[in-house]
Each structure stands twice: as C-alpha cells, then as structure tokens.
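Structure, as structure tokens:
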Amino acid sequence: MDQGGIFGWQRLLRFNGRFFADAEVLPMNAGDLAALHDAAQANWQYVEPTIFGTLLTRALDPKERHRLAGR
C-alpha cells in the first residue's frame with residue numbers, strides 16, 4: 008500500500024503512503040480469515056465512522072500522532 012503494485016491479479020494504487028511504510032503482514036489461519044470474512048459481510052451502516060479514526064489514532068505512536076495532527 009505504501010508503494011502500490013500488483014497483488015494477485017489486481018493492481019493496487021499507492022495510498023496513505025507513510026502510514027503503511029513499515030506495514031507487516033500478519034499470519035492468518037482459516038479461523039482468522041473466516042472472522043475477517045464475517046466482519047466484511049456485516050452491515051456497518053449504523054456505526055459512526057469517526058470511531059474507527061479514534062481507534063486508529065490511539066494506536067499510533069504519540070510522536071506520529073503529533074506529526075499527523077499538524078497537517
């Protein structure tokens with residue numbers, strides 16, 4: 008995601024570059040994939056989108072959080 012490229016048969020555009028500069032691939036077993044699939048199929052229509060931003064921001068390193076806040 009930091010650079011874009013080809014994944015499987017699809018082309019991925021580069022997006023949110025610096026955020027994914029050090030992204031790691033997490034190991035996933037069949038149960039993990041099933042849980043991810045179930046979450047993707049859920050109706051998220053009534054979930055307030057800002058909650059995801061809040062969770063993501065709190066997960067960031069405080070220095071990175073400060074840098075992003077200055078934008």
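Position 9 (the sequence shown) corresponds to 16 in the working numbering; numbering is contiguous.
Beta carbons are placed, not taken as given, at the ideal position from N, Cα and C, and that holds for glycine.
From a predicted model like this one, the values you see are computed outputs, not experimental measurements.
Could you check whether the Cβ of residue i sits closer than 7 Å to any heavy atom belonging to the ligand MG?
i, result
"E31", "The ligand MG is absent from the structure shown, which contains no ligands of any kind."
Please list, in chain order, all residues of the same chain as residue i whose beta carbon is under 8 Å from its beta carbon, the five residues on each side excluded.
i, result
"F14", "none"
Look up residue i in the DSSP assignment and say whether it is helix, strand or coil.
i, result
"Q48", "helix"
"L19", "strand"
"P69", "helix"
"A30", "coil"
Return the chain-ordered list of same chain residues with a C-beta closer than 7 Å to the C-beta of residue i, the five sequence neighbours on each side being excluded.
i, result
"E71", "none"
Can you name the residues that DSSP bridges to residue i?
i, result
"F14", "Q17"
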